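Accompanying notes for the structure given below.
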Amino acid sequence: MKLDEMVITKAIVEDFMNVFLDYTEVDVAIAGAGPSGMVAAYYLAKEGAKVAIFERKLSVGGGMWGGGMMFPRIIVQEEARYILDELGINYREYKDGYYLASSVEAVGRLASETIAAGAQIFNLMSVEDVMIRDDRIVGVVINWSSVELGKLHVDPLSIRSKVIIDASGHDAEICRIVERKIPASLKVLGEKPMWADVGERSLLENTKEVYPGLIVAGMAANTVAGGPRMGPIFGGMMLSGEKAAKLALSKL
Ligand code: 48F
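Residue numbers (the numbering used here): 136 to 387.
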């Protein structure tokens, strides 16, 4: 077989552009492909929603890859074990109710199941703003991460979405944008010091719609509500993603 670079080039550009054009209007746009964002996308796509995740980095997985202090293991507690089973992530019980899994396998399986369920992941794209009409978020504003990293003065593009999920992690970036641009709309209280038990419990409670059309999930939910961080235990992230998906589905 004689290879032609022009076929390779056209295949990549044509296919990407077709998908990207199709995803300029979605049911749910998610900022961040960490564990909470991907779990949310998985459950949404499984129910037939058109869902796009925009991820700033080259790789998906957020803070899950590195386990605890680069020891590539994560803990998932009993309450979220059924999500490990659903995603086919292997684990073993370390101690009553504490399940141990490989962080690398967990990210790999989560990404693969999320994509297989039908979610689209756009990596290397950052959400830098939102669109608001009549006091409701109606879309996200995105740009290539390289534009952001290079501090280039390049205008972004917009994606219309019925619901937005902020799954951007510790910085709760999308909620902070809303807080900054629409004064008195929402208050980001900031993350509190490590407390796994309280952090994990409050995460689920704090996963909610914080502004019309904007749901916050994962660590961002605790950052908004002033809840503690919890370290390398990931059951709460997964349960939060699942709850965010249910909330979003109820609004579609
Ligand atoms: O930080 P991250 O993993 O968030 P999460 O799903 O999970 C938190 C845990 O990893 C860990 C923890 C558990 O104890 O606390 O930290 O809440 O993933 C967030 C992803 O969002 C991307 C970021 O690169 C990361 O992959 N991200 C952040 N801001 C943006 C973004 C943005 N503005 N646009 C696009 N992606």
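Note that the Cβ used here is the ideal one computed from N, Cα and C, for glycine as well.
Since the structure is predicted, the reported quantities are computational estimates derived from the model, not experimental observations.
Cβ-heavy atom distance, residue 364 to ligand 1, below 7 Å: Your numbering for residue 364 matches position 229 in the sequence shown. Yes; taking the cut-off as 7 Å, the Cβ of residue 364 has a heavy atom of ligand 1 nearer than that.
Candidates 290, 338 and 309, of which the one nearest residue 349 by Cα: Residue 349 sits at position 214 when you count from the first residue of the sequence shown. Ranking the options by Cα distance to residue 349, first place goes to 309.
Classification of residue 157 by the beta-carbon crowding that lies within 10 angstroms, buried from 16 upward: The count along the sequence shown starts at 1 and reaches residue 157 at position 22. With fewer than 16 other Cβ atoms within 10 Å, it is exposed.
Between the CA atoms of residue 290 and residue 342 - distance to the nearest angstrom: Position 207 of the sequence shown holds residue 342. Position 155 of the sequence shown holds residue 290. Those two C-alpha atoms are separated by around 31 Å.
Rounded distance between the beta-carbons of residue 165 and residue 302, thought under 8 Å: Here residue 302 is taken as the residue at index 167 of the sequence shown, counted from 1. Here residue 165 is taken as the residue at index 30 of the sequence shown, counted from 1. The Cβ separation is near 5 Å, so the contact holds.
Through-space distance from residue 149 to residue 139, alpha-carbon basis: Along the sequence shown, one-based indexing puts residue 139 at 4. Along the sequence shown, one-based indexing puts residue 149 at 14. Between residue 139 and residue 149, the C-alpha separation is close to 16 Å.
Residue 187 to residue 151 span [Cα, whole Å]: If you number the sequence shown from 1, residue 187 lands on position 52. If you number the sequence shown from 1, residue 151 lands on position 16. If you take the alpha carbons of residue 187 and residue 151, they lie about 14 Å apart.
Bounding residues of the alpha helix (DSSP H) (the contiguous stretch that carries residue 311): Along the sequence shown, one-based indexing puts residue 311 at 176. Residue 311 -> alpha helix (DSSP H) spans 308 to 316.
For residue 278: DSSP bridge partner residues: Counting from one through the sequence shown, the residue named residue 278 turns up at place 143. Answer is 261.
Terminal residues of the alpha helix (DSSP H) in which residue 77 lies: The displayed coordinates of the chain run from 136 to 387. Any statement about residue 77 would go beyond what the structure contains.
Which of helix, strand or coil DSSP assigns to residue 189: Along the sequence shown, one-based indexing puts residue 189 at 54. Correct three-state label for residue 189: strand.
Integer Cβ distance of residue 189 from residue 261, believed to fall under 8 Å: As a first step, residue 189 is located in the sequence shown; it is residue number 54 there, counting from the start. As a first step, residue 261 is located in the sequence shown; it is residue number 126 there, counting from the start. Right, their Cβ atoms sit about 7 Å apart.
Three-way DSSP call (helix, strand, coil) for residue 369 in this model: Within the sequence shown, the letter at position 234 stands for residue 369. The answer is coil: DSSP assigns residue 369 none of H, G, I, E or B.
Beta-carbon spacing of residue 185, residue 162 below 8 Å: By one-based count along the sequence shown, residue 185 stands at place 50. By one-based count along the sequence shown, residue 162 stands at place 27. Yes, these two residues count as a Cβ contact at 8 Å.
In DSSP terms, what residue 155 is bridged to: Here residue 155 corresponds to residue number 20 of the sequence shown, with the count starting at 1. The partner list for residue 155 (beta bridge, DSSP) is empty, contrary to what the question assumes.
Residue range of the unbroken beta strand (DSSP E) whose run includes residue 214: Within the sequence shown, numbered from 1, the residue matching residue 214 stands at position 79. Where residue 214 is concerned, there is no enclosing beta strand (DSSP E), given that its DSSP letter is neither H nor E.
Supposed contact pair residue 171 and residue 376 - C-beta distance, whole angstroms, cut 8 Å: If you number the sequence shown from 1, residue 376 lands on position 241. If you number the sequence shown from 1, residue 171 lands on position 36. About 4 Å; that satisfies the 8 Å criterion.
Strand pairing of residue 228, partner residues [DSSP]: By one-based count along the sequence shown, residue 228 stands at place 93. DSSP output for residue 228 lists 234 as bridge partner(s).
Residue 267 and residue 312 closer than 8 Å at C-beta: Here the question's residue 267 lines up with position 132 in the sequence shown. Here the question's residue 312 lines up with position 177 in the sequence shown. In this structure, residue 312 does not lie closer than 8 Å to residue 267 by Cβ.
Distance CB(residue 352)-CB(residue 331) smaller than 8 Å: Here residue 352 corresponds to residue number 217 of the sequence shown, with the count starting at 1. Here residue 331 corresponds to residue number 196 of the sequence shown, with the count starting at 1. In this structure, residue 331 does not lie closer than 8 Å to residue 352 by Cβ.
Same chain, Cβ closer than 7 Å to residue 197, five either side skipped, listed in chain order: If you number the sequence shown from 1, residue 197 lands on position 62. These residues qualify, in order along the chain: 167, 168, 169, 170 and 304.
Integer Cβ distance of residue 367 from residue 328, believed to fall under 8 Å: Along the sequence shown, one-based indexing puts residue 367 at 232. Along the sequence shown, one-based indexing puts residue 328 at 193. Not a contact, Cβ separation roughly 16 Å.
Reduced DSSP category for residue 205 - H, G, I as helix; E, B as strand; rest coil: Taking the first residue of the sequence shown as 1, we reach residue 205 at position 70. In this structure, residue 205 counts as coil in the three-state DSSP scheme.
Sub-8 Å separation of residue 177 and residue 240 beta-carbons: In the sequence shown, counting from the first residue as 1, residue 177 sits at position 42. In the sequence shown, counting from the first residue as 1, residue 240 sits at position 105. It is not a contact, given that the beta carbons lie outside the stated cut-off.
8 Å Cβ cutoff met for residue 236 and residue 250: If you number the sequence shown from 1, residue 236 lands on position 101. If you number the sequence shown from 1, residue 250 lands on position 115. Not in contact: residue 236 and residue 250 (Cβ atoms no closer than 8 Å).
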